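Remarks on the structure that follows.
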Amino acid sequence: GWTTAVPEEAVEMKWPFVPEKWQYKKSVSFNDKTNLSDLISKHLTQLLVLLKTSIMAQEGPSAMAVVFLVDRFIYWRDESSQ
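Sequential numbering from 7 applies to the sequence shown in my numbering.
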C-alpha cells in the first residue's frame, strides 16, 4: 500500500525533497498528478505508527524515511510567513 511504497522510496532516496514524480515524466497521465502533500496528510496517522514501529524495531532507515516525509509535510504546511 501507500504507507509501504512511499517510505520505501524515501529509504532508497529515489528523490530529493519528495518532488512530485509526474514532474519528471515525459508522458503524464491523470493518475500521475497526485499531490504528495495531500497523500501524507491523509496517511499521517499511519506514518506516525510506522515511525514508532520502526524505532521500536531499531530499523533506522525506515524511521528516517518517515521523519523525512513528515518533515517535508511540515515544510509544505508552514504558514509562518503569512
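For each residue, glycine too, the CB sits at the ideal point set by N, CA and C.
Keep in mind the model is a prediction, meaning the values are calculated, not measured.
Residue range L50 to M62 is occupied by the alpha helix (DSSP H) that includes Q52. No residue range can be given for D84, since it is assigned to no alpha helix (DSSP H) and is classified by DSSP as neither H nor E.
CA-CA distance, D84 to D44, rounds to 14 Å. With fewer than 16 other CB atoms across the displayed protein chains lying within 10 angstroms of its CB, P67 is exposed.
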